[in-house]
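A short write-up of the structure that comes next.
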Amino acid sequence: MAEMEAKSQYAVDVRNDIENYSDAISGPDGLASQITKAKFRRMDDCVRFVDKVDEALSALSDERAVLKAFDWPEEKYDAMREARASHLQLMEMSSRLKGWPKPRPGTLCEDELRMMETYFDKVCRVLDAQARTVESDEKRFNKHGVPWDRNAGKAVKHASLNLADSYLKRVLTESTAASARANEAQSARTQELLTKGVRFAFRVHQFAGGFNAETLKSFEAVSTQLKGIVQAQGG
């Protein structure tokens, strides 16, 4: 009985929304018309537009059920939403990579390096997934007047160099501290850390297509320390 009442109330809510929001959705200046006419030069404008429409749609009891009653430009608006989500994800990644936070006091070096590696892996997965569909996505976005900047992915790749620099500097700080406690165990750990730094830097180098001056400087410092340890062992 309770289930039947709930279903009945749901149907009533949907019908009421169809009636009450008819003008707002399908009127001459309604959301459907605004979406159909919308064209943007910049993704920021598209983001603001989608946010405004989504806020209006949030008032509906069931968005999909209500919109089915209208001539809703579903394909175009889905493209707008998808472009917005991808754009904001890339911007968030770029921002975090550029401003990678300093480790909290007491954070173990290995834990900090692992966090950087994990986040970099996430960035790689996201950009790899976008690269596989970029041609079809751009075609669909262009069809609906949705701007898409191919350079957004390049900006993330460039920002990843800051992560590599942070990684290398963390390794250098730890290796310097370990060298002050020189013993066989610490020497092995230092070599392992420096090797990890070189390997991670190579990954980012391939991903970003090169180093910037700051990252190159840190990479050379790590490489020099590692070379010195290897030569000392050989001697």
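For the sequence shown, this note's numbering assigns the number 11 to the initial residue and increments by one for each residue that follows.
Cβ atoms here follow ideal geometry from the backbone N, Cα and C, with glycine treated the same way.
Bear in mind that the values here come from a model prediction, so they are computed numbers and not experimental data.
Residue burial classification, residue i (beta-carbon count within 10 angstroms, cutoff 16)
i: Phe-210; result: buried
i: Arg-58; result: exposed
i: Tyr-20; result: exposed
i: Val-60; result: buried
i: Glu-29; result: exposed
i: Ala-42; result: buried
i: Ser-146; result: exposed
i: Asp-72; result: exposed
Cβ-based neighbour list, residue i, same chain, cut-off 6 angstroms, excluding 5 preceding and 5 following
i: Gly-207; result: Leu-178, Val-181, Val-232
i: Gly-163; result: Leu-137
i: Leu-236; result: Leu-204
i: Leu-107; result: Ala-169, Ser-170, Asn-172, Leu-173
i: Asn-26; result: none
i: Ser-32; result: none
Span separating the alpha-carbon of residue i from that of residue j
i: Gln-241; j: Val-214; result: 26 angstroms
i: Ala-169; j: Ser-105; result: 8 angstroms
i: His-154; j: Val-22; result: 34 angstroms
i: Trp-158; j: Glu-85; result: 17 angstroms
i: Arg-91; j: Ala-188; result: 50 angstroms
i: Arg-142; j: Leu-100; result: 16 angstroms
i: Pro-83; j: Lys-132; result: 33 angstroms
i: Lys-47; j: Glu-202; result: 59 angstroms
i: Gly-40; j: Asp-88; result: 17 angstroms
i: Glu-252; j: Asp-55; result: No answer is possible for residue 252: the residues shown for the chain start at 11 and end at 245.
i: Trp-110; j: Arg-52; result: 27 angstroms
Cβ-based neighbour list, residue i, same chain, cut-off 7 angstroms, excluding 5 preceding and 5 following
i: Phe-217; result: Cys-134, Lys-167, Ser-170
i: Lys-49; result: Gly-155
i: Asp-175; result: Glu-224, Thr-225, Ser-228
Given residue i as reference, the closest of the options once Cα atoms are compared
i: Asn-161; options: Gln-140, Ser-68, Ala-223, Asp-72; result: Gln-140
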